[in-house]
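Quick notes on the structure that follows.
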Amino acid sequence: FVNLINHEEAMRFREHFGGFNKWRFSSQKICEAAWGAPLQGLEQHIFRYKNSPLMHPEVPDEFKPLLFKDGVRINFPDPTKRIRPPRMKLSATQAAGASAGAG
Numbered sequence: 104f105v106n107l108i109n110h111e112e113a114m115r116f117r118e119h120f121g122g123f124n125k126w127r128f129s130s131q132k133i134c135e136a137a138w139g140a141p142l143q144g145l146e147q148h149i150f151r152y153k154n155s156p157l158m159h160p161e162v163p164d165e166f167k168p169l170l171f172k173d174g175v176r177i178n179f180p181d182p183t184k185r186i187r188p189p190r191m192k193l194s195a196t197q198a199a200g201a202s203a204g205a206g
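Per this note's numbering, the sequence shown runs over residues 104 to 206.
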C-alpha cells in the first residue's frame with residue numbers, strides 16, 4: 104500500500120497510476136490504484152503492522168512495510184508486544200511430500 108499525505112495527492116496519484124502498464128520489463132499487469140479497505144490512513148496501517156509477524160527479525164527487510172518522511176526512509180515504530188515468528192505456508196508440492204511421508 105501507499106499512503107499519501109493528503110486527499111489531493113491521493114487523487115493525483117490515482118489519476119497517474121490507475122491503469123498504468125508501461126513497465127520497464129515485459130508484463131501484462133495493469134496497476135490498480137484504489138482506496139484502502141478495511142484500513143484507511145497511516146495510523147491504522149502502522150497499528151496493523153507494528154506487532155505483526157511480518158516485522159519479526161527473521162523476515163527479510165524487503166518484505167516489510169517502509170515509512171518515508173519527506174522522501175527519506177524513517178524507522179517503523181517499535182512493537183508494543185513480543186512479535187511471534189511468521190508461520191510458513193507449505194507449497195502444494197511440500198504439502199504432498201509431507202503427507203506421503205506420514206503413512
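We treat Cβ as the ideally placed atom computed from N, Cα and C, and that holds for glycine.
Nearest to G144 by alpha-carbon distance, out of M158, K125, I108, V162, is I108. For L145, there is no enclosing beta strand (DSSP E); the enclosing alpha helix (DSSP H) covers residues 145 to 152. As for any alpha helix (DSSP H) of minimum length 4 sitting wholly inside the stretch 109 to 196, the runs are 110 to 120, 145 to 152, ordered along the chain. By the Cβ criterion, the stretch 181 to 195 is in contact with the stretch 154 to 173, since at least three pairs of Cβ atoms, one from each stretch, lie closer than 8 Å. Contact between C134 and F116 is ruled out by a C-beta separation of about 10 Å, above the 8 Å threshold.
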